[in-house]
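Chains as they are written, first to last, in my numbering: chain A, 689 to 1024; chain B, 17 to 184. Glycine included, every Cβ here is placed at the ideal spot set by N, Cα and C. Values in this document were obtained by computation on a predicted structure and should not be read as measured data. Here the structure is laid out as structure tokens; the discussion comes afterwards.
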């Protein structure tokens, strides 16, 4: 399969590493040979019709743009790469922009219009224009996969859409942000104040330098928007989600909760007629009372009643599990 | 609500303890246990009568399902409305925004009572936190009390954290 990677940050590099490490496994198990024919970052692109040497490319990209790879081009932009290169699949892995979804939105549309399947982890285009992209994919006759956009390694969307396909999904709710869950867990187990745990999380690389999107619940709201669209069939946008963050949660509040056998979690809930994100009281021992950076998602279903799934919601290797799964799935569905 | 059940347990050590575990796990508060050894069934099982308090029907059903899954036979089941409750947390300038007024208003709803209040003062000029338990005669009244509290919290710029089971 011929593949284009757009975006070569932690996720892109992580995926390239997995392609190298699992080359034998993919060939033997699925007859899948991923030829990465182009990689673009914000400064340029590396291209090779016969497939790039990913180990070499990873080495180059440690310090420089991928354009420094043999035969690479500075200033060659992602859009041109998508148009110029022959490929089966485009991975759109640029950073999330919740305002207008760009540049991912345009990348995805161009890939579809030029007949390429799209796999993305980018929440921006999905929260801005899920419906538009979904119908464009259908119109162009290409596959559009975004498993990695919600829950990182946890197969939330595919579990719901495939294995639970016979159920009516009444509600999906979950702890969908590892950063805030780490902060709330530390506050609950150690009694440490919010500001101190936040700083600690930033030093550990669990929280970003600007943690606003996580702390204010906006990242969780993005995921709720995607789940509402993809598994509940609600035509929702980010602004339809009622959001409250965790920035007002004090050690005192956590202690009062603990004394009543409860913990505070940032929970997103999607059900017909109500999309909301906010701190909630969750009893210790409840399936959503997961610790550390773990995520958990609970489905309420008419037949199966309740199913909860837990796992790591972030990290390049963990997210690669979903990104690679989407590729194998396209390969198995369509061959090639 | 109060739930009374009679279940039959095998007459071997540890059975009662095992049967009580799901009740506490799902938040049930056991009020009485009566072991009726003298009324052993022909199969040698011992009837045990148990009364426990539980916040809602969903949790009661979870407990009953768990017990059935464990192979416990439930021979009688009775429930009495009368004590549904919910715990909420409030964060903000609670004392300065007249928490007593809010409690009076909730207590003014027929069949509703604020049954517990714990206050944790923050540092000077910082927000404080309160945990409130609202008890009501039935689910409908409890919902009314919670939405009344939600409106008050909105006016007073308090952050209100409800239990996962509460829906808006």
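message: Tell me the rounded alpha-carbon separation between residue 728 of chain A and residue 901 of chain A.
response: Computed Cα separation, rounded: 26 Å.
task: For the alpha helix (DSSP H) containing residue 1005 of chain A, list its first residue and its last residue.
output: Residues 1004 to 1022.
field: Rounded C-alpha distance that separates residue 705 of chain A from residue 746 of chain A
entry: Rounded to whole angstroms, the gap between the alpha carbons of residue 705 of chain A and residue 746 of chain A is 8 Å.
task: Count the other C-beta atoms from every protein chain shown that fall within 10 angstroms of the C-beta of residue 104 of chain B, then say buried if there are 16 or more, exposed otherwise.
output: With 16 or more Cβ atoms within 10 Å of its Cβ, residue 104 of chain B is classed as buried.
message: Using the Cβ count rule (16 or more neighbours within 10 Å means buried), how would you classify residue 738 of chain A?
response: Flag for residue 738 of chain A reads exposed.
message: For residue 987 of chain A, list the residues DSSP reports as bridge partners.
response: Here residue 987 of chain A is bridged, per DSSP, to A:860, A:995.
- prompt: Which of the three DSSP states, helix, strand or coil, is assigned to residue 961 of chain A?
  reply: Residue state, collapsed to three classes: coil.
message: If we define contact as Cβ-Cβ less than 7 Å, is residue 967 of chain A a contact residue for chain B?
response: Taking 7 Å as the threshold, the shortest C-beta distance from residue 967 of chain A to chain B falls below it.
- request: Taking C-beta pairs closer than 7 Å, name the residues in chain B that residue 878 of chain A reaches, listed in chain order.
  value: Residues of chain B passing the Cβ test: none, with the nearest at roughly 17 Å.
Of the listed residues A:1021, A:1016, A:1022, nearest to residue 716 of chain A (C-alpha basis): Of the residues A:1021, A:1016, A:1022, the one whose Cα lies closest to the Cα of residue 716 of chain A is A:1016.
message: Within 10 Å of its beta-carbon, does residue 1014 of chain A have 16 or more other beta-carbons around it, so buried, or fewer, so exposed?
response: Answer is buried; the Cβ neighbour count reaches 16.
message: Does residue 792 of chain A come out as helix, strand or coil in the three-state DSSP assignment?
response: The three-state reading of DSSP puts residue 792 of chain A in helix, counting H, G and I together.
query: In terms of residue numbering, what span does the alpha helix (DSSP H) encompassing residue 121 of chain B cover?
result: Counting along the chain, residue 121 of chain B sits inside the alpha helix (DSSP H) bounded by residues 115 to 123.
- prompt: chain B beta carbons: is any one of them nearer than 7 Å to that of residue 944 of chain A?
  reply: Chain B, which has a Cβ nearer than 7 Å to the Cβ of residue 944 of chain A, makes this yes.
field: Sheet register partners of residue 955 of chain A (DSSP bridge)
entry: DSSP output for residue 955 of chain A lists A:966 as bridge partner(s).
field: Under 7 Å between C-beta atoms of residue 17 of chain B and residue 107 of chain B
entry: Taking a C-beta distance under 7 Å as the contact criterion, residue 17 of chain B and residue 107 of chain B do not qualify as a contact pair.
message: Could you pull the DSSP bridge partners for residue 51 of chain B from this structure?
response: Residue 51 of chain B is bridged to B:64.
task: Could you pull the start and end residues of the alpha helix (DSSP H) that residue 691 of chain A belongs to?
output: Segment 690 to 694 is the beta strand (DSSP E) holding residue 691 of chain A; no alpha helix (DSSP H) there.
task: For the stretch 916 to 932 of chain A and the stretch 854 to 870 of chain A, state whether three or more C-beta atom pairs, one from each stretch, are separated by less than 8 Å.
output: Verdict: yes, contact present.
field: Same chain, Cβ closer than 8 Å to residue 854 of chain A, neighbours up to 5 away in sequence not counted
entry: Once the five neighbours on either side are set aside, the close Cβ partners of residue 854 of chain A are 991.
message: Which residues of the stretch 97 to 113 of chain B have a Cβ closer than 8 Å to any Cβ of chain A? Give them in chain order.
response: Listed in sequence order: 103, 104, 105, 107, 108.
- prompt: Closer than 7 Å, CB to CB, is residue 988 of chain A near chain B or not?
  reply: No, no contact with chain B.
message: Let me see if you follow: with CB-CB separation under 7 Å, is residue 936 of chain A close to chain B or not?
response: Interface with chain B (7 Å Cβ-Cβ cutoff): residue 936 of chain A is included.
- prompt: What did DSSP end up calling residue 761 of chain A once you bin it into helix, strand or coil?
  reply: Strand.
message: With a threshold of 8 Å, are at least 3 pairs of Cβ atoms found where one atom belongs to the stretch 799 to 816 of chain A and the other to the stretch 969 to 978 of chain A?
response: No contact exists between the stretch 799 to 816 of chain A and the stretch 969 to 978 of chain A.
- prompt: Is residue 178 of chain B helix, strand or coil when you go by DSSP?
  reply: Judged by DSSP in its simplified three-state form, residue 178 of chain B adopts coil rather than helix or strand.
message: My output table needs one value for residue 741 of chain A: the three-state DSSP class, helix, strand or coil.
response: Coil.
- prompt: Do residue 1006 of chain A and residue 866 of chain A have their CB atoms nearer than 7 Å?
  reply: Taking 7 Å as the cut-off, the Cβ atoms of residue 1006 of chain A and residue 866 of chain A do not count as close.
message: Please confirm whether residue 41 of chain B has its beta-carbon closer than 7 Å to some beta-carbon of chain A.
response: Chain A, which has a Cβ nearer than 7 Å to the Cβ of residue 41 of chain B, makes this yes.
query: Should residue 830 of chain A be flagged as near chain B, meaning a C-beta pair shorter than 7 Å?
result: Chain B contact via Cβ: absent.
- prompt: Helix, strand or coil: which one does DSSP assign to residue 882 of chain A?
  reply: DSSP places residue 882 of chain A in helix when its eight states are reduced to three.
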